[in-house]
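Asker: Take a look at the following structure, please.
Numbering (the working numbering), first residue to last: -11 to 223.
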């Protein structure tokens, strides 16, 4: 038992102190690149796959030559140069996420508008019913006034009038509840419109930054190629 305990402690210390190990770090292939995934952590390693900008990598290990041992989203493992990776989500992925969020908000906005229309229709129907009931009450009041001497007939008319009055009170309460729900739906619709407008503005800004990044990368690579060409000609 003591030997097993000592072995466990030694193994734990080794894992904690071993150089070049990175635990579950997430990185992405940087913008405007196609990067080789190699079977060894050197530039001479055989290429086993090609990774494109935005591919998500799980970092398993790092060596002194500047290579990362990674696992791709589809389960492949190999080495890539760390300088071609970044620890933040690329702009094109951020833009795609924003576009999805805008689409989701647009859908919710449409649903809220439909709910608002439905509530308006229900409210209109209740208001029509209230008007009909009120007209019926006026008619019954008139009949009661002319039948006060009719005994049983008058009593029946009166009871019918009371029942109609109770129905109207219930309908009025339901109408008031629908009006409150309609107001809430209108406020939610306006809030979603504001959020949607903000997201569209952010989406346009990211597209501008992404385009400028492509232009800047092309300009830098052009200067590098011209410098290398002049250097080759001078040799």
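Ideal Cβ placement from N, Cα and C applies to all residues, glycine included. For clarity, every value in this text was computed on a predicted model and none was experimentally measured.
Please state if the CB of residue 48 and the CB of residue 180 are separated by a distance shorter than 8 Å.
Answerer: On the chain shown, residue 180 is found 192 positions in, with the first residue counted as 1. On the chain shown, residue 48 is found 60 positions in, with the first residue counted as 1. For residue 180 and residue 48, no; Cβs fall outside 8 Å.
Asker: Is there contact here, the stretch 143 to 157 with the stretch 57 to 68, by at least three beta-carbon pairs under 8 Å?
Answerer: No, the stretch 143 to 157 is not in contact with the stretch 57 to 68.
Asker: Thinking C-beta only, is residue 17 closer than 8 Å to residue 73?
Answerer: Translated into the one-based positions of the chain shown, residue 73 becomes position 85. Translated into the one-based positions of the chain shown, residue 17 becomes position 29. In this structure, residue 17 lies closer than 8 Å to residue 73 by Cβ.
Asker: For residue 45 versus residue 35, is the C-beta distance shorter than 8 Å?
Answerer: Walking along the chain shown from the start, residue 45 turns up at place 57. Walking along the chain shown from the start, residue 35 turns up at place 47. Not closer than 8 Å, so no.
Asker: Rounded to whole angstroms, what is the Cα-Cα separation between residue 31 and residue 24?
Answerer: Within the chain shown, residue 31 is the residue found at index 43, counting from 1. Within the chain shown, residue 24 is the residue found at index 36, counting from 1. Residue 31 and residue 24: Cα-Cα distance of roughly 10 Å.
Asker: Using beta-carbon positions only, say whether residue 79 and residue 197 come within less than 8 Å of one another.
Answerer: On the chain shown, position 91 is the one that residue 79 refers to. On the chain shown, position 209 is the one that residue 197 refers to. In contact: residue 79 and residue 197 (Cβ atoms closer than 8 Å).
Asker: Buried or exposed: where does residue 15 fall if 16 or more other Cβ atoms within 10 Å of its Cβ makes it buried?
Answerer: Locating residue 15 in the chain shown gives position 27, where the first residue counts as 1. Buried.
Asker: Using a Cβ-Cβ cutoff of less than 8 Å, which residues in the same chain neighbour residue 162 once the five nearest sequence positions on both sides are dropped?
Answerer: As a first step, residue 162 must be located in the chain shown, where it is residue number 174. Closer than 8 Å at the Cβ level, and outside the excluded window around residue 162, lie 114.
Asker: Just tell me which of 85, 98, 81, 100 has its CA closest to the CA of residue 43.
Answerer: As a position in the chain shown, residue 43 is number 55, starting the count at 1. Per the Cα distances, 81.
Asker: Quick one: what does DSSP say residue 4 is sitting in, helix, strand or coil?
Answerer: Indexing the chain shown from 1 puts residue 4 at position 16. With a pLDDT of 40 at residue 4, under the threshold of 50, the modelled position of this residue cannot be trusted; read the value that follows with caution. In the structure shown, residue 4 sits in a helix (DSSP, three-state: H, G or I).
Asker: Under 8 Å, do residue 166 and residue 95 count as touching if we go by C-beta distance?
Answerer: Start at 1 with the first residue of the chain shown, and residue 166 comes out as number 178. Start at 1 with the first residue of the chain shown, and residue 95 comes out as number 107. Not in contact: residue 166 and residue 95 (Cβ atoms no closer than 8 Å).
Asker: Determine the closest residue to residue 175 out of 77, 27, 29, 101, with distance taken between C-alpha atoms.
Answerer: Here residue 175 refers to the residue found at position 187 of the chain shown. Considering only alpha carbons, the answer is 101.
Asker: Is residue 160 closer than 8 Å to residue 118 when the C-beta atoms are compared?
Answerer: Position 130 of the chain shown, counted from the first residue, corresponds to residue 118. Position 172 of the chain shown, counted from the first residue, corresponds to residue 160. Result yes, Cβ atoms of residue 118 and residue 160 sit closer than 8 Å.
Asker: Locate the beta strand (DSSP E) running through residue 60, then write down its first and last residues.
Answerer: The residue given as residue 60 occupies position 72 in the chain shown. It spans 55 to 60 - the beta strand (DSSP E) in which residue 60 sits, taken as one unbroken run.
Asker: Quick check on the DSSP output: the beta strand (DSSP E) that includes residue 257 runs from which residue to which?
Answerer: The requested residue 257 is not part of the displayed model; the chain covers only -11 to 223.
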